[in-house]
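See below for the structure under consideration.
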Amino acid sequence: MNRRTFLKLVPAGTLAALLSACGQGANQALPSPEPASTPEATSPEFVVRRFLDAWHAGDFDTMYSVLTPEAQAAISREDFEVRYRGVLAEATIYDVVTTLVAAGRLSEREGAAEFDVLYRTRLVGDLQFRPRINTQLGDDGNWRIAWTPAVLIPALGEQNRLRLFARTSTRGIIYDRNGEILATQGAIVTLGIIPGEIQDEGAVQGLISELSGMPPGEIAEKYAGQPAEWFIPIADIPFERSQANYERLISTPGISLRERAVRAYPQGESAAHIIGFVGKVNADELTALGERGYEETDFVGKQGIEAWGEEILAGKKGGRLAILSPEGNEVETLADVPAVQSRSLHLTLDAKLQRAAEAALERRKGSVVAVDVATGQVLAMASWPAFDPNIMADEQANEQRAALASSPEQPLVNRATQGAYPSGSLFKVITMAAGMEKAGLPRTDPHFCPGVWTGFGFPMRCWKSSGHGNIDLFHGLEQSCNVVFFETGVKLYEAGNTALQDMAAQFGVGAPTGVEVDETPGLLPTPEWKQTVMNDTWVPGDTVNLSIGQGFLQTTPAQMARMALTVATGGVVRELTLVREATDPTGVAQPEQFQKGEPPRITLRAETLSAVQGAMRAVAVPPLGTASGVFGNFPIPIAGKTGTAETTPGQPTHAWFTGYAPFDQPQIAFLGMLEFGGEGSGAAAPMIRKVLEQYFGVVG
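Here this note's numbering is used: the first residue of the sequence shown is 4, the next is one more, and so on.
This is the structure:
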């Protein structure tokens, strides 16, 4: 908490008028120094400044030391600090600003001061008061503060107390597109001990240890020396476990149960990277969210939609701050702020398709993305390894959370949006479009592939060692001939050394997709980037490497799904989205529709678009398409592109497959990627077929 003290003095007549109601020197002219002057050490102003400065510094020792003997007799040093801290805590005050308005003598031994205080609170907004401080000249010649609680808040007086009646909002639910619950409020039970009620310590410790896993000795330490009548929390257990053992628990004297709400994720690991999880607010988050009423015990979205939609899902606390008499009657309402109700979020995900995508991964490192072509809504976004958000949200599961966070397998990383890889031959879709648009190549641009290309004086190999023979640009994409795209890369470099990058950027490569979870932009390498980062010049070989999705290129699976989506839409570059709408507690949709802006369109000639789409269709058609072995008998016509990306020397290749279906009336765009998974046609394409079987209801 910050406490800032600003000092400002006004003419003595103002102070006299201020105090006239008390009959103290209403017409007395009091000396008042200029604002820039330093008050005398023996003046009322000096002691008030010292008191406020000490408050600013949190120096309760100094504050208490300048009180009159009578004030110190009325409250101990410890209780003095407790009273201050209690007011700050009860009112959720996180910042205090004081401004000295006036200070001076009323008589030879009495003085007074007035100051403005601004309290900034987390729950009820700003509070402003103008308390009065009376001062007295002590026998030692020093002025002292005749302190009462009214210095904090005028209405407190000697006996009254401050009370906050908080208003909270239950966190909203997260649903899939069909109303299936992905995140909701659950319950957890705290097992506690009331020491004075224990009849058999062994029975108490044994039962709690059995249900919580906590050693009996550690249980004993928690309640040792605690007041007999207090509830001492020992351990949290799931609500279901408490219910299964309810009779045993309530029949064991000394054990007491308390239920509390927790965030629950009924899908377990499914869609964990999308849904995310909540956790206890940390210091940095508290600083950022304090003005919205967050306190140290609150939970906040840490990842995924839980983090992105925090303001929507959490709502905002409110409260009524009042002064109560010793009898509990309300003396004054200081502030009354209603809570802002939370709302639930309805995602674009289809939970069934999501589970199918996760099953298709078969616990292999990688990701699957499925997108609605008409809207850019993400229907599935699977990533493996995954994690159980129930563990991440469980404050008692410290070891498990730490293990997940430090695992070399990186299960908390959403590989669909945060994994960056060379795309391999998927990039040939962009290279073909760039060749036709930027270099003026026809779809029939001729090439000859002997299985190896020596255009730079050293061998660069096609995946087909025997070569494709005579082949044109269209069939080069169909059969993923490297030589065709090596030579197309050279022509693009000659057409302009950023011609290929310019086209790739239009497809969204190297940029976020707009999806509402964390994502990396990846890297679309350019001559400027190479000069800046590597202090080296871009050469034709760099463009040739880029033309087949290798070299310095780093793309995310989500970006490659967006590339396929863009081809399916005829050049409309839609942002991806995971959120459909928000609803209030009654289920009524809110005005926010989470609509993206008008999407840009890539300027492609009809012949270019037709050629790229046709070549992607040919990829899935026997006998030559690289994915025809997987999709040749699939009842829904698809367009696709396989990719096999080289990685670190000695490591297996990454397997990719992307595309859309049906070819003639696209509904779904898709992407499958397996880290070090082998060939796109042999690993990624079969994985995607399983996803499409679920989507189209096809029996495999």
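All C-beta atoms in this analysis are idealised placements derived from N, C-alpha and C, irrespective of residue type, glycine included. Keep in mind that this is a model prediction, so the values were computed, not measured.
Query: Nonlocal neighbours in the same chain, by C-beta distance under 8 Å from Q162, ignoring five residues either side; Result: S328 and P329
Query: Close beta carbons around R251, own chain, < 8 Å, minus the five adjacent residues each side; Result: L210
Query: DSSP state of E183 mapped onto helix, strand, coil; Result: coil
Query: Buried/exposed call for F430, threshold 16 Cβ in 10 Å; Result: buried
Query: Beta-carbon contacts of T647 that lie in its chain and below 6 Å, excluding the five residues immediately before and after; Result: G427, T656, E682 and G683
Query: Presumed contact (8 Å Cβ cut-off) between A664 and P689, rounded CB distance; Result: The pair is not a contact, with the Cβ atoms about 15 Å apart (cut-off 8 Å).
Query: Beta-carbon contacts of K599 that lie in its chain and below 8 Å, excluding the five residues immediately before and after; Result: G379, G517, R577, E578 and T580
Query: Inside the stretch 552-578 only - alpha helix (DSSP H) runs reaching at least 4 residues; Result: 560-571
Query: Residues sharing a beta bridge with K644, DSSP; Result: T661
Query: Range covered by the alpha helix (DSSP H) that runs through W58; Result: P47 to A60
Query: Buried or exposed by the 16-neighbour rule on C-beta atoms within 10 Å, applied to D667; Result: exposed
Query: 7 Å Cβ shell around I750 - same chain, five flanking residues per side excluded; Result: This structure cannot speak to residue 750, because the chain is shown only from 4 to 703.
Query: Backbone CA spacing between V376 and G312 [nearest angstrom]; Result: 24 Å
Query: CB contact flag (E495, A437, <8 Å); Result: The sequence shown places Leu at residue 495, not Glu. A contact, by the Cβ cut-off of 8 Å.
Query: Which of helix, strand or coil DSSP assigns to R418; Result: helix
Query: Cutoff 8 Å; reference K319; Cβ partners in own chain excluding five residues on either side; Result: S172, R295, G296, A342 and V343
Query: Supposed close pair G195, S245 - CB separation, criterion 8 Å; Result: That pair is no contact at about 12 Å.
Query: Same chain, Cβ closer than 8 Å to D129, neighbours up to 5 away in sequence not counted; Result: L121, Y122 and R123
Query: Chain-order list of residues whose beta-carbon lies under 6 Å from that of I394 (same chain, five-residue window excluded); Result: A400 and Q403
Query: Euclidean distance between Cα positions of L526 and G175; Result: 37 Å
Query: Given H471 as reference, the closest of M463, C452, G458 and S483 once Cα atoms are compared; Result: C452
Query: Limits of the unbroken beta strand (DSSP E) element including T491; Result: Where T491 is concerned, there is no enclosing beta strand (DSSP E), although the alpha helix (DSSP H) it sits in stretches over N485 to A498.
Query: DSSP beta-bridge partners of Y87; Result: Answer is none; Y87 lacks a bridge partner.
Query: Backbone CA spacing between R692 and G369 [nearest angstrom]; Result: 16 Å
Query: Helix, strand or coil at A94 according to DSSP, with G and I counted as helix; Result: coil
Query: Spatial neighbours of E232 in its chain, beta-carbon cut-off 6 Å, leaving aside the 5 residues before and after; Result: G199
Query: Closest residue to A423 among T558, I551, L126 and G700 (Cα-Cα distance); Result: T558
Query: Rounded C-alpha distance that separates R147 from E113; Result: 10 Å
Query: Contact test: R170 Cβ vs the ligand PLP heavy atom, cutoff 7 Å; Result: As presented, the structure is devoid of all ligands, the ligand PLP included, so that no description of it is given.
Query: Which residues DSSP lists as bridging L194, in chain order; Result: A238 and L260
Query: Length of the line joining the Cα atoms of A317 and V281; Result: 11 Å
Query: Delimiting residues of the beta strand (DSSP E) encompassing R164; Result: R164 to R170
Query: Same chain, Cβ closer than 7 Å to P625, neighbours up to 5 away in sequence not counted; Result: S631 and G635
Query: Assumed close pair G513, L503 - CB separation to whole angstroms, cut-off 8 Å; Result: Contact flag wrong, Cβ pair sits at about 12 Å.
Query: Alpha-carbon to alpha-carbon, L612 and M603; Result: Sequence inspection shows Pro at residue 603; the Met mentioned does not correspond to that position. So the two alpha carbons sit approximately 16 Å from each other.
Query: Own chain partners of T216 with C-beta closer than 7 Å, once the 5 adjacent residues on each side are dropped; Result: Before going further, note that residue 216 is Gly rather than Thr in the sequence given. Within the same chain, G216 has no close Cβ partners at all.
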